[in-house]
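Reviewing the structure listed below.
There are 2 protein chains.
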Amino acid sequence: MDHRESTVGQAGEDAVLTEVMEIVAPFNARRGAHLLLGPGADDAALLVPRPGSQLVLTTDTMSQDQDFRPCWWSGPEQLAAGAFEPPDEYPMEVGTKAAAQNLSDISAMGAQPTALLISLTLPRTMPLTWVADFYRGVVRACEQPGAQRCVIAGGDLGRGDVVSVTITAVGELAAGSAGLRRDAAAPGDTLAVCGPLGRAAAGLALLEESSGPEGGTAISPQQQELFTHHEELFGVCMRAQTRPAPPLEAGPAALAAGGRGGMDISDGLLRDAARLARASGVDIHLDDDVLAEEARTLEPVAAYLGRPPEQARHQALTWVMGGGEEYALLGTFPAGVVLPEGFRRIGEVREKADGVPRVVTGHVVSNVGWSSL
Amino acid sequence: MDHRESTVGQAGEDAVLTEVMEIVAPFNARRGAHLLLGPGADDAALLVPRPGSQLVLTTDTMSQDQDFRPCWWSGPEQLAAGAFEPPDEYPMEVGTKAAAQNLSDISAMGAQPTALLISLTLPRTMPLTWVADFYRGVVRACEQPGAQRCVIAGGDLGRGDVVSVTITAVGELAAGSAGLRRDAAAPGDTLAVCGPLGRAAAGLALLEESSGPEGGTAISPQQQELFTHHEELFGVCMRAQTRPAPPLEAGPAALAAGGRGGMDISDGLLRDAARLARASGVDIHLDDDVLAEEARTLEPVAAYLGRPPEQARHQALTWVMGGGEEYALLGTFPAGVVLPEGFRRIGEVREKADGVPRVVTGHVVSNVGWSSL
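Sequence order for the protein chains is C and F.
Taking UniProt numbering, I'd label the letters of the first sequence as residues 1 to 373.
Taking UniProt numbering, I'd label the letters of the second sequence as residues 1 to 373.
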């Protein structure tokens, strides 16, 4: 049987692990002087942290049909053609996204990721190559700037009806550093962001609309024209959703520059800024003009999805203000601090005007609630 | 609506998290001086390790119908009555087992667990109380001797068709210590074990036989008599499967006593001893008399399951030699070392007799292979 055609169930655990280690072992060897025992070597992995460093830990699960759909992984060409078969790249993208969202949480503390542990559950019918490609995707996420020291320290393989992956990311924060904290934004601070806003949400809308229950509807001549004019933008938005590349250097850079409040935007700017405001006991005033300007760039996506101009503006603003899984980094910086490269000002932190910390904005956007249950 | 009756889907993520934190926050507060930021406080948890310590990491997923069945969680009374409804205790036991198997891997390195990260996926129809009870079970596992410093550092909640839990355990090993290693067994070492052998496998056989597709078959008068005589043993075996309590102090104790080779028995003595032999490049000679003696205590379980005497002996020996999920700790100690409390000698390590490292035993047991895929 062609190796590529055997399933994980046919191959068995040992063969799958061999396949995985062919990718993981050389990857770890290239960067892992701090990894004394890696995956499969013993009961647990053994790492040597930098002397005096603090330990940063986060975990996140991504499940098929809850957090992603295989049919999302199609290029803009397929979008234009109305064709949405999961392509060869899909498992690699799942690996990249699962790793990236955890790496982003480490960066958002101002820390550097040092290790990932990966538990992968998948149907026995998945091809052996799926697992290898998934791990290639994890490796790709770790090759982003800011994750140079991150190794794959351990993992687990199991069987389930759908693909589900849980990644735990481990990071280091220098001794004595408070990190970038939700509770550390102070009145007078500048609110700044590194990374785009709204693109992942716009990309999700494109992917979901085009891969609906009918399996991809044909597109109109108007859509074809918008697509031709904005092909790059559409691709960028879809990739923001399917293959996020969080700015992993931004957290440590913000901390080094004197930033103090901070978090990544995983549930949308409005919700996450509200968390920052609550934890710090402050009001956060958003710069409505700047955000409106950022939204403008996304209007062609809303138009492609059939929204008339006024609605398109509103839709684009909702993506910018409420879009989740964005992995942009929100930071607050004391007045006078020069923002590090990549950050732009989107508001400011003030004393809370009454008893309740708030996010203050003149923009009215649609309900952007989200619950994982 | 009665709080106990609402489901996690009805309650929503925030209410479930509140429920979880009512258990986790006071637990962490009692022991977590090293936990600067715990679950939900920020993008990631922040811990201060002991100065100079090495970091030990492991992860493991446990899924319903793959790794456990709800109907297992019944007491011996229900076994006797042939009734197998999952009782109230079931979610707590799932939490204990999921945590214990990860804590065991940390101990098996000779390390002390310091933190768990818990990702829980469950159907929206599960009662809110299920989640709270699950966390109570995790707390119970951490209250075992040897896990005194372990906190719950973070977690994730998600939706899925069946219950699935991934736990990552973090531990500390003193600076400069090699830990208990698979590759460190040396000729002349005594092979010793801490914790029972075969009980979890015997318990699994009881649970599976009694909770078969028919949902619990009525038991015969002979079975009733065996049950009455051996009720305590049967209960101990079933609990070894449903609520394992690995000897978490054994790993650090082995290391302190001068032990060097070691691992926990998660896939059965024969398979795991073979891994130890291979990694260390040695032969491992098992003490067949000692193991036969240990097996004898489990014969009543085999008899209960309808095996005639000769088969019962063979079955019990297969449990002792091949039973997985045992979480006993295997260690090797240089000659002359006094075994720490709780360890007993079950064999010895020798130079390998020919090119291939082997486990040497006169016992012939049934096929004990296992693949997680």
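Each residue gets a CB set at the ideal place from its N, CA and C atoms; glycine is no exception.
Chain order gives the chain C residues near Ala108(F) as Asp43, where near means a beta carbon separation below 7 Å. The way I'd put it, the stretch 347-365 of chain C doesn't touch the stretch 93-102 of chain F; fewer than three beta-carbon pairs between them come closer than 8 Å. Annotation for Arg350(C): Pro187, Val282, Asp283, His285 place their beta carbon closer than 7 Å to its own, counting only its chain and skipping 5 residues before and after.
For the stretch 197-283 of chain C, the full-length alpha helix (DSSP H) segments reaching 4 residues or more read 199-210, 221-229, 231-242, 250-257, 269-280 along the chain. In the displayed model, Gln311(C) falls within a helix according to three-state DSSP.
Residue pairing by DSSP places Thr7(F) opposite Pro127(F) in a beta bridge. Ala45(F) is positioned such that its CB atom lies closer than 7 Å to that of Ala153(F).
Using a 10 angstroms sphere on the CB of Ala256(F), the tally of other CB atoms stays under 16, which defines it as exposed. Sixteen is the threshold: since fewer than 16 other Cβ atoms of the shown chains lie within 10 Å of the Cβ of Gly176(F), the residue is exposed. The beta carbon of Asp105(C) sits closer than 7 Å to the beta carbons of Thr58, Ala169, Asp264 from its chain, once the five residues preceding and following it are set aside; these are given in chain order.
Look at Leu103(C) here: in three-state DSSP terms it is helix. The contact set of Ala153(F) on chain C, defined by CB atoms closer than 8 Å, consists of Leu57 in chain order. Residue range 112-122 is occupied by the beta strand (DSSP E) that includes Pro113(C). Burial is judged here by how many other beta carbons sit within 10 angstroms of a residue's own beta carbon; Thr297(F) has at least 16 and is buried.
For Thr114(C) and Glu293(F), the gap between their C-alpha atoms comes out near 47 Å. In the DSSP annotation of this structure, the continuous segment of the beta strand (DSSP E) that includes Ala153(C) starts and ends at 151-159.
Secondary structure note for Leu291(C): its alpha helix (DSSP H) is the uninterrupted segment 288-296. Counting the other Cβ atoms within 10 Å of the Cβ of Thr242(F) gives 16 or more, which makes it buried. The alpha-carbon separation between Gly146(C) and Arg182(C) amounts to approximately 21 Å.
Where Glu299(C) is concerned, the enclosing alpha helix (DSSP H) starts and stops at 299-304. In this structure, the alpha-carbon of Leu206(F) lies about 16 Å from that of Ala295(F). Glu89(F) is positioned such that its CB atom lies no closer than 7 Å to that of Trp72(F). Assigned with DSSP and collapsed to three states, Ala178(C) falls in coil, not helix or strand. Counting the other Cβ atoms within 10 Å of the Cβ of Pro309(C) gives fewer than 16, which makes it exposed.
Here Val131(C) is not near Gln64(C), since their CB atoms are 7 Å or more apart. With distances taken between CA atoms, Leu248(C) lies nearest to Glu341(C) out of Arg69(C), Glu341(C), Gly52(C). Under a criterion of Cβ atoms nearer than 7 Å, the residues of chain F adjacent to Thr168(C) are, in order, Thr59, Leu117, Thr168. A distance below 7 Å between beta-carbons, with the five flanking residues on each side excluded, links Ala245(F) to the following residues of its chain, in chain order: Ala100, Gln144.
One Cα belongs to Pro26(C), the other to Arg136(C), and the distance between them is close to 12 Å. Excluding its 5 nearest sequence neighbours in each direction, Gly347(F) has C-beta neighbours in its own chain below 7 Å: Leu191, Ile284, His285, Leu286, Asp287, listed in chain order.
Ranking Val364(C), Gln222(C), Ala273(C) by CA distance to the CA of Arg307(C) puts Gln222(C) first.
For Leu173(C), the neighbours in chain F by C-beta distance under 9 Å run, in chain order, Leu46. Around Thr121(F), the beta-carbon contacts reaching into chain C at under 8 Å are Thr61, Ser63, Ser164.
When C-alpha distances from Ala98(F) are compared across Asn28(F), Ser119(F), Glu209(F), the shortest belongs to Ser119(F).
At a Cβ-Cβ threshold of 7 Å, Gly195(C) and Leu329(C) count as neighbours. Within the same chain, and ignoring the five residues on either side of Gly9(F) in sequence, the residues whose Cβ sits closer than 6 Å to its Cβ are Arg124.
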